[in-house]
Amino acid sequence: MSVLKMRFVQRPIGLATRLYSTSPALPSRWFADLQTQLKELTTERYPKECTEKAQKLYAFSEQNWLELLAGQQGFLTEKKWRGIDNHQLLWGDMVSRQYGEVCIPPSRSNSISHLTGHVNNIMYNKYAETGRVKFIHNQSEDATEEEKSQWLDLPTPRGLGLILSSIKTEYKFPLEFPDRITVLYKLLESPTAESTLIKKEAWILSEKYRRLAAKCTEDTAIYDYRTAKKSVLKPFMVEKFQKTFKLQQEREKKYTEEADKLIKAVEELKSKFQ
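All the letters of the sequence shown, read from the start, carry residue numbers 152 to 425 under the numbering used here.
Structure below.
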């Protein structure tokens with residue numbers, strides 16, 4: 152089902168919308184707020200016409216949550232592009248709170264969840280590191296065998312490589328066991344033949360809450376381990392990264408339009424039935 156096939160009158164909406172590349176970005180909690188509104192519109196206090204349409208829109212938002220939330224920010228959300236896909240968090244990832252001297256076991260975490268801990272902050276950067284390597288390796292798709300070998304070597308010190316020079320992690324909400332996460336990466340700018348840094352952004356998303364848990368902004372230096380000097384990317388790498396950046400822009404435009412249409416569809420239901 153595509154929301155594009157559902158016709159609704161366009162009206163002003165409480166949730167801010169945007170036009171691609173010109174209007175302000177959507178509020179950070181727009182998706183959670185939208186799903187809350189849709190759940191309300193499916194309750195028995197509303198007529199059948201409203202609840203049926205709201206259920207369809209809610210199903211669409213659930214099936215496409217990653218595209219609507221991250222795709223409209225320029226992230227490539229297809230499985231082959233995901234740095235980490237639907238990864239199960241572990242109890243040991245958390246900083247456990249204690250009740251007296253006794254740590255709370257996972258078997259009791261549901262009954263006394265208010266006493267359990269949250270994922271240790273150092274784990275977020277480890278998730279990002281894993282996603283970063285996968286994002287680089289993903290660039291080798293359709294490469295020749297020789298080029299693929301060089302792509303796979305980039306995260307290593309064997310020749311031309313990448314060194315993380317800076318990372319800023321913004322914590323949006325605490326992850327807790329049990330949950331699953333997906334990590335996505337995107338280029339913040341299109342590299343050129345003269346680039347000595349690659350600027351990227353990572354999102355760590357909670358599958359359980361359909362929310363952004365943390366955002367990492369980072370610079371990665373291009374370094375030649377053989378000469379022990381800063382370097383630049385190989386021409387075929389520059390070309391591939393530029394194609395990836397262009398694809399990001401296309402996805403951002405596509406899913407921004409989808410998100411705006413979904414928001415307007417929900418606003419139409421609210422205007423008609425509330």
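Don't be surprised by glycine CBs; every beta carbon is placed ideally from N, CA and C. All values derive from a computational prediction rather than experimental measurement.
In the DSSP assignment, find the alpha helix (DSSP H) that holds residue i and state where it starts and stops.
| i | result |
| --- | --- |
| K421 | 386-424 |
| S212 | 199-214 |
| K337 | K337 -> not in any alpha helix (DSSP H); beta strand (DSSP E) instead, spanning 331-338. |
| Q188 | 181-192 |
Answer yes or no: do residue i and residue j have a C-beta to C-beta separation smaller than 8 Å?
| i | j | result |
| --- | --- | --- |
| T371 | L348 | yes |
| M245 | F324 | no |
| F387 | C201 | no |
| L420 | L220 | no |
| Q399 | L338 | yes |
| V389 | A344 | yes |
| L384 | S422 | no |
Rounded to whole angstroms, what's the CA-CA distance from residue i to residue j? Just pull it up for me.
| i | j | result |
| --- | --- | --- |
| F392 | E213 | 31 Å |
| T320 | E418 | 34 Å |
| L303 | D184 | 41 Å |
| S382 | Y278 | 27 Å |
| P163 | L189 | With a pLDDT of 38 at P163, under the threshold of 50, the predicted position of this residue should be treated as unreliable, though the coordinate-derived value follows. Whole-angstrom Cα-Cα distance: 17 Å. |
| F286 | K199 | 45 Å |
| N276 | A205 | 38 Å |
| L217 | A410 | 11 Å |
| T407 | Q224 | 8 Å |
| T173 | E403 | Low per-residue confidence applies at T173: pLDDT is 41, beneath 50, and the placement is therefore not dependable enough to give any value. |
| S179 | Q290 | 29 Å |
| T228 | G222 | 6 Å |
| W181 | G243 | 32 Å |
| K412 | K380 | 49 Å |
| K430 | E296 | The chain is shown only over 152 to 425; residue 430 falls outside these bounds and no answer can be derived. |
| T194 | L177 | 26 Å |
| I263 | K230 | Its pLDDT being 43, under 50, I263 is placed unreliably in this model, and the value from its coordinates should be taken loosely. Roughly 35 Å separates the two Cα atoms. |
| N272 | T307 | 25 Å |
| K366 | F226 | 12 Å |
| A294 | H288 | 11 Å |
| N215 | T378 | 46 Å |
| G268 | K350 | 33 Å |
| M274 | Y322 | 12 Å |
| E401 | E203 | 32 Å |
| K405 | H238 | 27 Å |
| A210 | Q186 | 10 Å |
| I429 | E292 | Past the boundaries of the shown model lies residue 429; the chain is included only from 152 to 425, so the question cannot be answered. |
Quick one: give me the first and last residue of the beta strand (DSSP E) that residue i is part of.
| i | result |
| --- | --- |
| K323 | That residue, K323, is in no beta strand (DSSP E); it is neither H nor E in DSSP. |
| E369 | 362-375 |
| R283 | That residue, R283, is in no beta strand (DSSP E); its alpha helix (DSSP H) goes 272-289. |
| W354 | 348-357 |
| D304 | Looking at the DSSP string, D304 is not in any beta strand (DSSP E); the run it does join, the alpha helix (DSSP H), is 296-304. |
Measure the beta-carbon distance from residue i to residue j and round it to whole angstroms, keeping in mind my assumption that it falls under 8 Å.
| i | j | result |
| --- | --- | --- |
| T333 | R196 | The pair is not a contact, with the Cβ atoms about 35 Å apart (cut-off 8 Å). |
| Y374 | G312 | 6 Å |
| F396 | S317 | F396 to S317, Cβ: 20 Å. No contact. |
| Y376 | R309 | 7 Å |
| D330 | E358 | 7 Å |
| L305 | V270 | Contact flag wrong, Cβ pair sits at about 28 Å. |
| T281 | I235 | 6 Å |
| L315 | E369 | 6 Å |
| A364 | L208 | With a Cβ gap of about 25 Å, A364 and L208 do not count as contacting. |
- Item | Residue ranges of each beta strand (DSSP E) within the segment 213-243, 3 or longer | 235-239
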